[in-house]
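Have a look at the structure below before the remarks.
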Amino acid sequence: MDKSSSDGNLNLVSKNTETTPPNYYFRRAKRDREEDWTSDFSAFKEEMKAMMEALMSDQESELKKLFTPTLTEIQKTNRNIESSIALLMSKNEELTKKVELLEQQKKKDNEYITILENKVEDIQRTERKSSIEVKNVPKGKSETKEDLINMVVRLGKSIDCNINKSEIKDIFRVRGKKEGQINTPIIVEFSSTILKTDVLKMSKAHNIKHKGKLCAKHLGFTRSEDTPVFVSEQLTVKGSRLHYLARDLAKSKGYKFCWTSYGRVYVRKNENSPIITIISENQVNSLIQAI
1 MDKSSSDGNL NLVSKNTETT PPNYYFRRAK RDREEDWTSD FSAFKEEMKA MMEALMSDQE
61 SELKKLFTPT LTEIQKTNRN IESSIALLMS KNEELTKKVE LLEQQKKKDN EYITILENKV
121 EDIQRTERKS SIEVKNVPKG KSETKEDLIN MVVRLGKSID CNINKSEIKD IFRVRGKKEG
181 QINTPIIVEF SSTILKTDVL KMSKAHNIKH KGKLCAKHLG FTRSEDTPVF VSEQLTVKGS
241 RLHYLARDLA KSKGYKFCWT SYGRVYVRKN ENSPIITIIS ENQVNSLIQA I
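full-length UniProt numbering numbers the first residue of the sequence shown as 1 and each following residue consecutively.
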């Protein structure tokens, strides 16, 4: 019997069915589901990304609206601060220049003042070149200028130095700076510098030769006659101050000699050392600090 074509196809399908593995259909279905899930996830990601971008855009817009005025104000404030700082720096430079100019002017003024002070000192020293100062002389109750002249004449006799009344140009007792100060110095102006120098030299020689140094009895006093008196040249205020400091210097630093001559102050370490003229307090301080 002849077989029909349909039977042949059935046999072929049956045969193909027998040769195709059953798992093929499951893998195919699984792959389709995975592709669908991947497609859905990609779409979800894109949607979420779009949502996030939209949200961030909205937030950025809101932040700009919120902070832009504040930032603008801050920037404006910063510009104002920068302008103020620049102005202050400019003024500071101007003030610095003014201070420098003032310091330079002050230095020049101080130099000029020093020059004037030295000139005044020279004038005062010249005015005193013929004068001596007698310190610690007891003061009488009714002391007159004639009494003072007689004291000086008597002093001259005591030190073997002849002094005539006519050689005394002026004489007076200094007023006390403090109330109750009695034995203030007596200033004697002679007619010549030579006589003044002789009186100083002979007074010093008398104190060296005699155990009993000059005292009130050598000026003719019968009361308080043992009161010591001191004869020196009349110094200016500055000269007196420098002489005081120079004596302290001599004591503290072992200077053997300290003396005055024609209103100037001198010190000397020993016979072989140079003579130093004291001209200022700063110089004395430098000598004290010197090793």
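Where is the CB? At the ideal position from N, CA and C, for every residue including glycine.
Original post:
Should residue 203 go down as buried or exposed, given a rule of 16 or more other Cβ atoms within 10 Å for buried?
Top reply: buried
Subject >> Nearest-angstrom beta carbon gap, residue 189 and residue 130 [assumed within contact, 8 Å] >> reply: 6 Å
**OP:** Note down the Cα distance separating residue 229 from residue 271, rounded to an integer number of angstroms.
**Re:** 29 Å
Original post:
Where does residue 228 fall in DSSP's three states?
Top reply: strand
**OP:** Go to residue 189, then tell me how far its beta strand (DSSP E) extends in each direction, as first and last residue.
**Re:** 186-190
Original post:
Taking buried to mean at least 16 other C-beta atoms within 10 Å of its own C-beta, is residue 233 buried or exposed?
Top reply: buried
**OP:** Hey, could you find the ends of the beta strand (DSSP E) residue 171 is sitting in?
**Re:** First-last of the beta strand (DSSP E) with residue 171: 168-173.
Original post:
Whose C-beta lies closer than 7 Å to the C-beta of residue 121 among residues of the same chain, with five residues either side of it excluded?
Top reply: 236 and 238
Original post:
Are there three or more Cβ pairs, one per stretch, closer than 8 Å when the segment 109-116 is compared with the segment 157-169?
Top reply: In this structure the segment 109-116 does not touch the segment 157-169; the number of beta carbon pairs closer than 8 Å is below three.
**OP:** Within the same chain, show all residues whose beta-carbon is closer than 8 Å to that of residue 66, passing over the 5 residues directly before and after it, in chain order.
**Re:** Non-local C-beta neighbours of residue 66 in its own chain, meaning closer than 8 Å and more than five positions away in sequence, are absent.
Original post:
Which of helix, strand or coil does DSSP assign to residue 131?
Top reply: The three-state reading of DSSP puts residue 131 in strand, counting E and B together.
Subject >> Opening and closing residue of the alpha helix (DSSP H) in which residue 197 lies >> reply: 193-209
Original post:
Alpha carbon to alpha carbon, how far is residue 96 from residue 80?
Top reply: 24 Å
Original post:
If you pair each beta-carbon of the segment 167-179 with each one of the segment 137-149, do three or more pairs fall below 8 Å?
Top reply: The count of Cβ pairs closer than 8 Å, one atom from the segment 167-179 and one from the segment 137-149, reaches three, so the stretches are in contact.
Original post:
Taking Cβ to Cβ, would you say residue 132 is nearer than 8 Å to residue 200?
Top reply: Result yes, Cβ atoms of residue 132 and residue 200 sit closer than 8 Å.
Original post:
Just how far apart, CA to CA, sit residue 75 and residue 54?
Top reply: 30 Å
Subject >> Residues bridged to residue 276 [DSSP beta-bridge criterion] >> reply: 267
Original post:
For residue 221, which of helix, strand or coil comes out of DSSP?
Top reply: In the three-state reduction of the DSSP assignment, residue 221 falls in the coil class, being assigned neither a helical nor a strand state.
Original post:
Per DSSP, residue 233 is paired with what?
Top reply: 132
Original post:
How about residue 183 and residue 137: do their beta carbons lie closer than 8 Å?
Top reply: yes
Original post:
Does DSSP put residue 90 in a helix, a strand or coil?
Top reply: helix
Subject >> Under the three-state DSSP convention, the category residue 83 falls into >> reply: Of the three classes helix, strand and coil, the one that applies to residue 83 here is helix, per DSSP.
Original post:
Does DSSP put residue 142 in a helix, a strand or coil?
Top reply: Three-state DSSP puts residue 142 in coil, outside helix and strand.
Subject >> Range covered by the alpha helix (DSSP H) that runs through residue 137 >> reply: Segment: none, residue 137 is in no alpha helix (DSSP H) and carries neither H nor E.
Original post:
Is residue 85 buried or exposed, if buried means 16 or more other CB atoms sit within 10 Å of its CB?
Top reply: exposed
Original post:
Cα separation between residue 329 and residue 156?
Top reply: As shown, the chain starts at 1 and ends at 291. That puts residue 329 outside it, with no answer to give.
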